[in-house]
Each structure stands twice: as C-alpha cells, then as structure tokens.
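J.: Residue numbers (the working numbering): 119 to 407.
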DNA sequence: AACTACTCCTGGAGGC
DNA sequence: TGCCTCCAGGAGTAGT
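#1: Can you name the residues that DSSP bridges to residue 410?
#2: Can you give the Cα-Cα distance for residue 121 and residue 311, rounded to whole angstroms?
#3: Please classify residue 134 as buried or exposed, where buried requires at least 16 neighbouring CB atoms within 10 angstroms.
#4: Between the region 125-142 and the region 157-168, do at least 3 Cβ pairs fall closer than 8 Å?
#5: Return helix, strand or coil for residue 345, following the three-state DSSP convention.
#6: Give the range of the beta strand (DSSP E) segment to which residue 390 is assigned.
#7: With respect to the beta strand (DSSP E) encompassing residue 395, which residues constitute its N-terminal and C-terminal limits?
#8: Kindly indicate which three-state DSSP category residue 302 falls into: helix, strand or coil?
#9: Give every residue of the same chain whose Cβ lies closer than 8 Å to the Cβ of residue 286, excluding the five residues on either side of it in the sequence, and list them in chain order.
#10: Which same chain residues end up closer than 7 Å to residue 170 when comparing Cβ atoms and leaving out the 5 residues on each side of it in sequence?
#11: Would you be able to state if there are at least three C-beta pairs under 8 Å between the region 148-160 and the region 202-216?
#12: Within 10 angstroms of its Cβ, does residue 176 collect 16 or more other Cβ (buried), or is it exposed?
#13: Could you tell me which whole beta strand (DSSP E) segments of length 3 or greater appear in the region 144-169?
#14: Measuring CA to CA, which of 179, 325 and 222 is closest to residue 239?
#15: Evaluate contact between the region 274-286 and the region 230-237, counting only Cβ atoms and requiring at least three cross-stretch pairs below 8 Å.
#16: Take the Cβ of residue 402 as the centre, count every other Cβ of all protein chains shown within 10 Å, and call the residue buried at 16 or more, exposed below.
#17: With distance defined between alpha-carbon atoms, name the residue in 157, 219 and 242 nearest to residue 148.
#18: For a test of the three-state rule: what should DSSP assign to residue 314, helix, strand or coil?
#19: Skipping 5 residues on each side, what residues in its chain have a beta carbon closer than 6 Å to that of residue 258?
#20: Output yes or no for whether 8 Å exceeds the beta carbon distance between residue 320 and residue 252.
#21: Can you round the beta-carbon distance between residue 305 and residue 271 to whole angstroms, since I take them to be within the 8 Å contact cut?
#22: Determine contact between the region 335-346 and the region 263-278, defined as no fewer than three beta-carbon pairs at a distance below 8 Å.
#23: Return yes when the Cβ of residue 296 is within less than 8 Å of the Cβ of residue 123, no when it is not.
#24: Taking 6 Å as the limit between beta carbons, can you name the residues of its chain near residue 341, skipping five residues before and five after?
#25: Return the residue from the list 379, 380, 244 and 394 that minimises the CA-CA distance to residue 372.
#26: Quick check: what's the CA-CA separation for residue 383 versus residue 404?
This is the structure:
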C-alpha cells in the first residue's frame, strides 16, 4: 500500500521513538520476507543501535551502528507499529489493516524487533509482499542504485527542468504508467498517480510527448503539491479500495460514481496499466478523442 | 524501448 | 449460510 507520503509519515513517526534504541531481540516468523545480504542473519541485528531513519522513494532505511543497514519495503499491505514495554502506542504507519490499535502480534505479524527499553517494533503484512533487507552499510549505495530509482519528487533538487528533461526521454509513454514507473520518479503509486493526474487536469492515458509547452509545468506543480499536501496534512485513508467519504482525500481515487470536486461530472473507473484508475472525464479529457 | 500478462499472497465485498 | 469471483495503495520477470 504505502506510497511516498505514507512512508515519509511513518519515517517521521518512528524517528523520535526509535533513533538511539538498540536491538535486543529479533523474531522473524515468515523467513521469506527477510533477506540478509553478505550472509547476514536476523540475529546479527542484536546489539546494533538505530542511528538514523531515512526514506528513499518507498523504501525505509535504518542506518545502524557498526556499519549495518536495515531496509524495509512495505509493498501493498505492510505496516509497522512501535509499542512501548507496556503496550502503549509510540508510532505506527503503513497499511491501516489491521487497525493500528489492534492487539499484537496479529496473525499476519511476520517480524518483531525488541529493543533495549523493552519496546517492540512489529511488522504486520497480510499479503506477505513486504521485504526486509539487512546489509553492510558499504553495500547500501549499490543496493539502492541497482533499483535505478528516479528522483525524489519532494527534494529541492527535483526541478521543473528536470521533469521536462525526463519527459522528453519518454515521449510516447502514457502519463499514468510513467508516474508509476519507479525509475522515472521515486515513490508515486496508484493512488497518488490518479490524484496527480487529476490535479494537473491530464488524462492518465495522455502520451507525455503530446503535452505541449505549458502542461509539464502543471504536471510539475501537481506532483509537488499533491505529495506535499499528503505528507503535511495526513495521508490517504482507504480500506480495501473503498474511499472514506468523511475525508476530502483522495479527491478522485476510489470515487467512481461520485461527483468531481471541481466540476461535478461523475468520476469513472477504468483500467490503465492494469491498475484501477479514476479520472474525471471532463476535467481530464478522458477518454481522449 | 515499451507494452501486457503473470507471479508472489490473504481477505473483504458482493452476487447468487 | 456457503460458494464463487473480483478486487486490493507493488514490483520483478518473461514474453511479444
């Protein structure tokens, strides 16, 4: 599930509660989700301290003492919950099912990390697609480069000019598949791709080479504003594809049959790149032609 | 290079 | 109630 805003929110939540803590005990109950590089095993975490928590695209990266790194990818349904020795919620984030306040471990809790203060970090992942990598810090750069992730859309270094240059390299690609391509841009997933296309008033099927001179600027502003808004004001709240009608976000994703918040036209559901896609036919000129 | 289809999984929703 | 199908916020791989 979690896309850039959810992972960034999780990172900000965990930072104050985990940095400085030492691993005391590690329990991996679903072995396939743990990938130790250079022969590292889960128990190699014990005694290591969390020095820093970073994010790259949808990856959550723990820099550890003694030159190790622990990397999480929550994929579709992973969540992390950090609880104190007494079971008090310290921090949580990721996929909201099961509810963050539910008893832990849940039957889908596949890894737990105990710390020196008695607190525990639980990884719960119903669909088992999430992964954890433990690797030497010296391998982290290669590890990240191998996935060829595109630029960080919220970084200062990500400019409109950079976006234009990257669009120019893929002129025949349709907008939504390009936004989902992690080598084009790091961190956008299915919900935010729809929200960005809506904000920019662009069809998810529009070939980006046909946007004309002005629209890339709209797209750039939409990428920045949609992701920034989500990180700042709280993230998407969806349960199994159903939008929570109490919230104004997402504005179009999951809202087939509801009126467009801009023009009132009924939002439709279609499939683009094999993913459920929700455009406003009028605002976004969908379908084209 | 750039599509699609299939794969890894579980579980909730809705049709009958 | 049960059974069935479809769908779900990701991404790697294989085929065309």
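Just so it is clear, CB atoms sit at the ideal spot from N, CA and C, and this is done for glycine as well.
T.: On the basis of the coordinates in this document:
#1: Outside the displayed range of the chain (119 to 407) lies residue 410, so it cannot be described from this structure.
#2: 10 Å
#3: Residue 134 should be labelled exposed.
#4: yes
#5: helix
#6: 388-390
#7: Element bounds for residue 395: 393-395.
#8: Here residue 302 sits in coil by DSSP.
#9: 327
#10: 137 and 181
#11: no
#12: So residue 176 ends up on the buried side.
#13: Runs of the beta strand (DSSP E) inside the region 144-169: 152-154.
#14: 222
#15: no
#16: Residue 402 comes out buried.
#17: 242
#18: helix
#19: 187
#20: Contact: no.
#21: 6 Å
#22: yes
#23: no
#24: 271 and 314
#25: Selected option, being the one with the closest Cα: 394.
#26: 12 Å
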